[in-house]
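*Asks:* Handing you this structure, nothing more for now.
2 protein chains.
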Amino acid sequence: MPRTTDGDGTPVPQRLLAAATRLFAEQGYDRTSVQEIVEAAGVTKGALYHYFGSKDDLLHEVYARVLRLQQERLDTFADADEPVAKRLRDAAADVVVTTIENLDDASIFFRSMHHLSPEKNKQVRAERRRYHERFRALVEEGQKEGVFSTETPADLVVDYHFGSVHHLSTWYRPDGPLTPQQVADHLADLLLRALRP
Amino acid sequence: MPRTTDGDGTPVPQRLLAAATRLFAEQGYDRTSVQEIVEAAGVTKGALYHYFGSKDDLLHEVYARVLRLQQERLDTFADADEPVAKRLRDAAADVVVTTIENLDDASIFFRSMHHLSPEKNKQVRAERRRYHERFRALVEEGQKEGVFSTETPADLVVDYHFGSVHHLSTWYRPDGPLTPQQVADHLADLLLRALRP
DNA sequence: TTACACATACCGACTGGTTAGTCTGGCGCT
DNA sequence: AGCGCCAGACTAACCAGTCGGTATGTGTAA
Chain A
5 MPRTTDGDGT
15 PVPQRLLAAA
25 TRLFAEQGYD
35 RTSVQEIVEA
45 AGVTKGALYH
55 YFGSKDDLLH
65 EVYARVLRLQ
75 QERLDTFADA
85 DEPVAKRLRD
95 AAADVVVTTI
105 ENLDDASIFF
115 RSMHHLSPEK
125 NKQVRAERRR
135 YHERFRALVE
145 EGQKEGVFST
155 ETPADLVVDY
165 HFGSVHHLST
175 WYRPDGPLTP
185 QQVADHLADL
195 LLRALRP
Chain B
5 MPRTTDGDGT
15 PVPQRLLAAA
25 TRLFAEQGYD
35 RTSVQEIVEA
45 AGVTKGALYH
55 YFGSKDDLLH
65 EVYARVLRLQ
75 QERLDTFADA
85 DEPVAKRLRD
95 AAADVVVTTI
105 ENLDDASIFF
115 RSMHHLSPEK
125 NKQVRAERRR
135 YHERFRALVE
145 EGQKEGVFST
155 ETPADLVVDY
165 HFGSVHHLST
175 WYRPDGPLTP
185 QQVADHLADL
195 LLRALRP
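From first to last, the protein sequence lines are chains A and B.
Here the first sequence is numbered in the numbering used here, starting from 5 and rising by one per residue.
Here the second sequence is numbered in the numbering used here, starting from 5 and rising by one per residue.
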């Protein structure tokens, strides 16, 4: 048996990633030392630098995970066989739910982009752009069909909605009065109501 | 003549604050060394620690400035002698314009809260809360009057809008196609349209 | 009007502490 | 007997904040 699971059942790389995610979200990237991460994961630096090239790499992995997940989900909803209004609504609500369910990832995502190395930053931006454009395409589709108002450029509409998603990690508290689904429904409502012709 | 203006016309404390603001926005708080700040301001550490108690203090000053400005402007718009819909619209658009005009402050504001010392953080949160509540009161007033939809709780509406304001520093580029005022009009439109009963 | 005291504004070398990343070596499996 | 996996001491760099010192101005009293 390889050492990858000693003591605990989960493999070392995943334990490191989980520890890093939590600590980055709690204290921020710069405030979290590599030493803290390896201690939280129950290993030493040797292990970390065996699996990851750098501290920066660890952060990049968090981003890659989030991006992959969100893009997959968006594609599913956007490609469904439904009227465009429903597809947009579902996608808009879903991103809220999954963001709340991974609030740690979200706060890292929006607060720590500039800590990535320039090339990784560029890569992440490119993927984010793809995501944004898929979403924008939905809005434009509805506008062409005449079911959405064309008063506001689709780009701005998308940024408006993602602003609120971005903002969730600032104010949402799991012990608050609203469930993730309720918040999602409200925010999707606001979006769709703003788009009424 | 005191040395406070040697070489340049602006006093040293303001030069330090301006340099710190720019650098914090560009590189983040932790990534900016005190040495960099004093070099950018054309002074040395002695000067900085003469006027400010700590690096943290410098950050706090940025926050204080932004909070004071925004609260003043909100109060002006909210207390105007106009129908509630117009007051909300004006306030919502104004915060967008002033945020864009001070994008550096804005990106620091939303990205670096957790770098403040716990007590200063608490203070800033308290002031932000006051701001939020003044804004929420406007929404509630309109809802009671029946000119705004009551489907979404006022708190959520406010967070929805401020999400988009928060988000501005991520996507807005001064060399883009839209002027600050145009963006503000669009975002205020979206808010008001979402609130139509 | 001169002389001395004192404060304000600033300089820059220094300190104590922290950090990311490296490297050598060893354990256990195949 | 080699290789993946990992320990942990080590290094080179960096950083916030301190502190003794200097220069310029301001008040005061002889």
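Cβ atoms here follow ideal geometry from the backbone N, Cα and C, with glycine treated the same way.
Among the candidates A/L27, A/D163, A/S116, whose CA atom is the shortest distance from the CA of A/R138?
*Replies:* A/D163
*Asks:* Please list, in chain order, all residues of the same chain as A/K124 whose beta carbon is under 6 Å from its beta carbon, the five residues on each side excluded.
*Replies:* H64
*Asks:* Nearest to B/A141 by alpha carbon, out of B/E155, B/D159, B/V128?
*Replies:* B/D159
*Asks:* Could you pull out every unbroken alpha helix (DSSP H) segment of at least 4 residues lying fully inside the segment 47-80 of chain B, listed in chain order?
*Replies:* Taking only runs of at least 4 residues, the alpha helix (DSSP H) segments lying wholly in the segment 47-80 of chain B are 49-55.
*Asks:* Thinking just about the alpha-carbon of each residue, which of A/R72, A/H119, A/A44, A/D94 is nearest to the one in A/S58?
*Replies:* A/H119
*Asks:* So with CB distances below 8 Å, who are the chain B contacts of A/L191?
*Replies:* Those within 8 Å of A/L191 in chain B are L160, Y164.
*Asks:* To the nearest angstrom, report how far apart B/A110 and B/G167 are at their CA atoms.
*Replies:* 12 Å
*Asks:* At which residues does the alpha helix (DSSP H) containing B/Y135 begin and terminate?
*Replies:* 122-149
*Asks:* So, A/L219 versus A/A96, is the Cβ gap smaller than 8 Å?
*Replies:* Given that chain A is displayed from residue 5 to residue 201, the structure contains no residue 219 of chain A and the question cannot be resolved.
*Asks:* Can you find the residues in the same chain that come closer than 6 Å, C-beta to C-beta, to A/Q75, ignoring five residues on each side of it along the sequence?
*Replies:* Y135
*Asks:* Measuring alpha carbon to alpha carbon, tell me which of B/D60, B/V99, B/A68 ends up nearest B/Q185.
*Replies:* For B/Q185, the nearest C-alpha among the options comes from B/V99.
*Asks:* Would you mind giving the Cβ-Cβ distance between A/R197 and B/A198, rounded to the nearest angstrom? I have them listed as a contact below 8 Å.
*Replies:* Indeed they touch by this definition, with Cβ atoms about 5 Å apart.
*Asks:* Starting from the C-beta of A/V38, find all residues in its chain whose C-beta is less than 6 Å away, skip the five residues before and the five after it, and write them out in chain order.
*Replies:* K59
*Asks:* From B/R26 to A/P17, what distance separates their C-alpha atoms?
*Replies:* C-alpha separation (whole angstroms): 38 Å.
*Asks:* For B/A45, which option in B/A24, B/V128, B/R35 has the closest C-alpha, if you only look at C-alpha atoms?
*Replies:* Looking at the Cα atoms, B/A24 is the closest of the given residues.
*Asks:* Are the Cβ atoms of A/V187 and A/I112 separated by less than 8 Å?
*Replies:* no
*Asks:* If you count every other CB in all the chains shown that lies within 10 Å of the CB of B/R72, and 16 or more means buried, which is it?
*Replies:* exposed
*Asks:* Among residues of its own chain, excluding the 5 on either side of B/V128, which ones have a beta-carbon nearer than 6 Å to its beta-carbon?
*Replies:* Y67
*Asks:* Going along the segment 21-34 of chain A in order, which residues come within less than 7 Å of chain B, judged by CB to CB distance?
*Replies:* In summary, the residues of the segment 21-34 of chain A whose CB is separated from some CB of chain B by less than 7 Å are G32, D34, in the order they occur in the chain.
*Asks:* Hey, would you say B/L107 sits closer than 8 Å to B/L62, going by beta carbons?
*Replies:* no
*Asks:* Name the chain A residues that come within less than 9 Å of B/T156, Cβ to Cβ?
*Replies:* Within 9 Å of the CB of B/T156, the CB atoms of chain A belong to H190, L191, D193, L194, R197, in sequence order along the chain.
*Asks:* Please return the same chain residues whose Cβ sits closer than 8 Å to the Cβ of A/D34, not counting the five positions on each side in sequence.
*Replies:* H119
*Asks:* Could you give the C-beta distance for B/H190 and A/T156, rounded to a whole number, given that I count them as a contact under 8 Å?
*Replies:* That belief holds up - the Cβ atoms of B/H190 and A/T156 are roughly 5 Å apart, short of 8 Å.
*Asks:* Nearest chain B C-beta to A/H54 closer than 8 Å, yes or no?
*Replies:* no
*Asks:* Would you say A/S37 lies against chain B (beta-carbon separation less than 8 Å)?
*Replies:* no
*Asks:* Would you mind reading off the limits of the alpha helix (DSSP H) that contains B/P17?
*Replies:* 16-31
*Asks:* Tell me whether A/A141 counts as near the ligand FAD, meaning its Cβ is closer than 7 Å to at least one heavy atom of that ligand.
*Replies:* Absence of the ligand FAD from the depicted structure is noted, as is the absence of any ligand whatsoever, leaving it without description.
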